[in-house]
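Scroll down for the structure; my scribbles are underneath it.
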Amino acid sequence: MSQTVNFNELYGAFCPILFFGGGIISNNNNKKNDSFVNEDIKVKEMLVITDKGENLGVLSKAKALDEAYNRDLDLVLVSPEANPPVAKMMDYSRFRFEQQKRAKDAKKKQKVVVVQEIQISPTIDKHDFDTKVKKAKTIMVEKGNKVKVSCRLYSRFLAKKEIGFENVQKFIEALSDVATVESDVKMDGKIVFAVVAPKKDIKKGE
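Convert by adding 9 to the 1-based position in the sequence shown; the result is the number in the working numbering.
Laid out in structure tokens, this is it:
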């Protein structure tokens, strides 16, 4: 006798597969694999769940396909590692379309973190310094991006690292009205740098 089951619970308990875009992706290797659909299914028998959540029991592949096709649906192996493997009937084309749409919507909502670098020299003059400070503020206020300010030391300045640290620190202080320090001043090789981010109360575009 058939019975109705909660497919979400069954899926959560057994399924190591994520559906995404044009195929099915395994959590283990993130590779697209369409061998989980219809005639491409490799297992000989499986536990079959209808699109309504009805448990049809363990059926042979041929019988399971007949049941799915009689309903004008596809058969998708959602949990190949389970014992027995679990398959669900669905409109696979529609399913892929909806997954692609969700993926696109999710991508639009993702906040892309951009870090733009501004380089200053150990001997930077006041005019150049002020110009670059203005550029950094524009990057943070209008674009909402983070800024990495860096000072490359060369020749005699390698023995005067404090100049690089002082210039970068001075630059950070000049941005204090719009920025917060995300990475303190440090040295990597010949470069002294720090990273600042826009203050949360600074509205983009203002």
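Glycine included, every Cβ here is placed at the ideal spot set by N, Cα and C. Computed from a prediction, not measured in an experiment: that's the story for all the values here.
Exercise. How should residue 206 be labelled, buried or exposed, when 16 other C-beta atoms within 10 angstroms of its C-beta is the threshold for buried?
Worked result: Translated into the one-based positions of the sequence shown, residue 206 becomes position 197. So residue 206 ends up on the buried side.
Exercise. For residue 180, is the classification buried or exposed, using 16 other Cβ atoms within 10 angstroms of its Cβ as the cut-off for buried?
Worked result: To locate residue 180, count along the sequence shown from 1; it is residue 171. Counting Cβ neighbours within 10 Å, residue 180 comes out buried, since at least 16 surround it.
Exercise. Nearest CA to the CA of residue 197: which residue from 189, 159, 84 and 134?
Worked result: One-based indexing of the sequence shown puts residue 197 at position 188. Residue 197 has its Cα closest to that of 159, out of 189, 159, 84 and 134.
Exercise. Out of curiosity, what's the CA-to-CA distance linking residue 110 and residue 104?
Worked result: For the purposes of this step, residue 110 is identified with residue 101 of the sequence shown, where counting begins at 1. For the purposes of this step, residue 104 is identified with residue 95 of the sequence shown, where counting begins at 1. Their Cα atoms are separated by approximately 10 Å.
Exercise. Secondary structure at residue 74, three-state DSSP: helix, strand or coil?
Worked result: Position 65 of the sequence shown, counted from the first residue, corresponds to residue 74. DSSP places residue 74 in helix when its eight states are reduced to three.
Problem set entry | Neighbourhood of residue 191 by C-beta distance below 7 Å, restricted to the same chain and skipping five residues each side | In the sequence shown, the residue the question calls residue 191 occupies position 182. Closer than 7 Å at the Cβ level, and outside the excluded window around residue 191, lie 155, 204, 205 and 206.
For this session: Compare the Cα-Cα distances from residue 97 to each of 194, 130 and 55 and report the closest residue.
Result: Position 88 of the sequence shown, counting from 1, holds the residue named residue 97. Checking every option, the nearest Cα to that of residue 97 belongs to 55.
Problem set entry | Pairwise C-alpha distance: residue 151 and residue 33 | Walking along the sequence shown from the start, residue 33 turns up at place 24. Walking along the sequence shown from the start, residue 151 turns up at place 142. With a pLDDT of 43 at residue 33, under the threshold of 50, the modelled position of that residue is not reliable, and the figure given next carries that caveat. A straight line joining the alpha-carbon of residue 33 with that of residue 151 spans about 40 Å.
Exercise. Between the C-alpha atoms of residue 58 and residue 78, what's the straight-line distance to the nearest angstrom?
Worked result: Here residue 58 refers to the residue found at position 49 of the sequence shown. Here residue 78 refers to the residue found at position 69 of the sequence shown. Rounded to the nearest angstrom, the two C-alpha atoms are 14 Å apart.
Exercise. Who are the Cβ neighbours of residue 187 in its own chain at under 7 Å, not counting the five residues just before and after it?
Worked result: If you number the sequence shown from 1, residue 187 lands on position 178. The answer, listed in chain order, is 146, 149, 150, 207, 208 and 211.
Problem set entry | Boundaries (first-last residue) of the alpha helix (DSSP H) holding residue 102 | Sequence index remark: in the sequence shown, residue 102 carries index 93 (1-based). Start and end: 101-118.
Exercise. Taking the C-alpha atoms as reference points, what is the distance between residue 76 and residue 116?
Worked result: Your numbering for residue 76 matches position 67 in the sequence shown. Your numbering for residue 116 matches position 107 in the sequence shown. Rounded to whole angstroms, residue 76 to residue 116 spans 37 Å at the Cα level.
For this session: Could you spell out where the beta strand (DSSP E) holding residue 153 opens and where it closes?
Result: Translated into the one-based positions of the sequence shown, residue 153 becomes position 144. Taken as a continuous stretch (DSSP letters only), residue 153 belongs to no beta strand (DSSP E), as it is neither H nor E.
Problem set entry | Cα-Cα separation, residue 172 to residue 118 | If you number the sequence shown from 1, residue 172 lands on position 163. If you number the sequence shown from 1, residue 118 lands on position 109. Looking at the two C-alpha atoms, the distance is approximately 42 Å.
Problem set entry | For residue 127: DSSP bridge partner residues | Counting from one through the sequence shown, the residue named residue 127 turns up at place 118. Per DSSP, 158.
For this session: Could you tell me if residue 45 is buried or exposed, where buried requires 16 or more neighbouring beta carbons within 10 angstroms of its beta carbon?
Result: Here residue 45 is taken as the residue at index 36 of the sequence shown, counted from 1. Result: buried.
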